[in-house]
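Peer 1: Under our numbering, the very last position in the sequence shown is 343; numbers go up by exactly one each time.
Each residue gets a CB set at the ideal place from its N, CA and C atoms; glycine is no exception.
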Amino acid sequence: MFGAVIYKYLIVFLVSMVPIVELRGAIPIAAGMGLPMVTSYIICVIGNMLPVPIIFLFARKVLIWGADKKYIGKFFSWCIDKGERGGEKLKSKAGRGLYVALMLFVGIPLPGTGAWTGTLAASFLDMDFKKSVIACMGGVLLAGIIMGVLSALGVSAFSATV
182 MFGAVIYKYL IVFLVSMVPI VELRGAIPIA AGMGLPMVTS YIICVIGNML PVPIIFLFAR
242 KVLIWGADKK YIGKFFSWCI DKGERGGEKL KSKAGRGLYV ALMLFVGIPL PGTGAWTGTL
302 AASFLDMDFK KSVIACMGGV LLAGIIMGVL SALGVSAFSA TV
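1) Alpha helix (DSSP H) containing Met214: first to last residue?
2) Around the C-beta of Ile208, are 16 or more other C-beta atoms found within 10 angstroms, so that it is buried, or is it exposed?
3) Using the rule of at least 16 other Cβ atoms within 10 Å of the residue's Cβ for burial, across every protein chain shown, is Ser197 buried or exposed?
4) Would you identify the three-state DSSP class for Arg277, choosing helix, strand or coil?
5) Where does Ile289 fall in DSSP's three states?
6) Any idea what DSSP makes of Ala248, helix, strand or coil?
7) Any contact of the region 316-323 with the region 248-267, i.e. 3+ C-beta pairs under 8 angstroms?
8) Hey, out of Ser221, Glu269, Val202 and Leu195, whose CA is closest to Gly329's CA?
9) For Asp147, which three-state DSSP category applies?
10) Residue ranges of each alpha helix (DSSP H) run of no fewer than 4 residues wholly in the region 306-338, ordered along the chain?
11) Taking contact to mean at least 3 C-beta pairs separated by less than 8 angstroms, is the region 218-232 in contact with the region 302-313?
12) Between Ala316 and Leu204, what straight-line distance do the alpha-carbon atoms span, to the nearest angstrom?
13) Quick check on Val199: does DSSP put it in helix, strand or coil?
14) Please work out which residues of its chain come closer than 6 angstroms, Cβ to Cβ, to Tyr190, disregarding the five sequence neighbours upstream and downstream, and give them in chain order.
15) What is the rounded straight-line gap between the Cα of Pro356 and the Cα of Asp262?
16) Once you ignore the five residues that flank Ile253 on each side, which residues in its own chain have a CB closer than 8 angstroms to its CB?
17) Quick one, are the C-beta atoms of Gly264 and Leu283 less than 8 angstroms apart?
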């Protein structure tokens, strides 16, 4: 019994680390598995934030290195383009409130706007590391609350129809 619950939390933790899916997909999975929402929320936030410093410090360098390689170059170039476009879009809309804009960009649970993309954009804009991580954390917390509420409503609605 205990091992099965740990296994479910491990799945949720690992899903929250996956690019594009991130916490936005992990919280509904946790709700679908019947896991407690507060514990799942904390585990998903930790899983989603764990890659953020690594992305900020190393992803840009790795992408630039791999952009001209035979098999990975096309994908790496696509990632560079996405990071640059995301960064410029964020910068043009934000003005002086760049870190608040970064937090909202990460926090609104839409495809392509998570911690991975936000951190990559912050890296391409040469934003301050500490402030960027704090803004991403705020965005992940916000996205987690939104997805937690939506997941709880979805599970409740589904339960009411069964």
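Peer 2: This is what the structure holds:
1) Here Met214 belongs to no alpha helix (DSSP H), and DSSP marks it neither H nor E.
2) Ile208 should be labelled buried.
3) Answer is buried; the Cβ neighbour count reaches 16.
4) Correct three-state label for Arg277: coil.
5) DSSP, reduced to helix, strand and coil, places Ile289 outside both helices and strands of the structure shown, so it counts as coil.
6) In this structure, Ala248 counts as coil in the three-state DSSP scheme.
7) Flag = no, the region 316-323 and the region 248-267 do not touch.
8) Nearest to Gly329 by alpha-carbon distance, out of Ser221, Glu269, Val202 and Leu195, is Ser221.
9) The chain is shown only over 182 to 343; residue 147 falls outside these bounds and no answer can be derived.
10) Annotation note: the region 306-338 contains no uninterrupted alpha helix (DSSP H) run of length 4 or greater.
11) Between the region 218-232 and the region 302-313, the count of Cβ pairs shorter than 8 angstroms is below three; the stretches do not touch.
12) Approximately 16 angstroms, taken between the alpha carbons.
13) When DSSP states are grouped into helix, strand and coil, Val199 belongs to the coil group.
14) Counting only Cβ-Cβ distances below 6 angstroms, and skipping sequence neighbours, we find Ile224.
15) This structure gives no information on residue 356, because the portion of the chain shown stretches from 182 to 343.
16) Closer than 8 angstroms at the Cβ level, and outside the excluded window around Ile253, lie Gly247.
17) Taking 8 angstroms as the Cβ cut-off, Gly264 and Leu283 do not qualify as a contacting pair.
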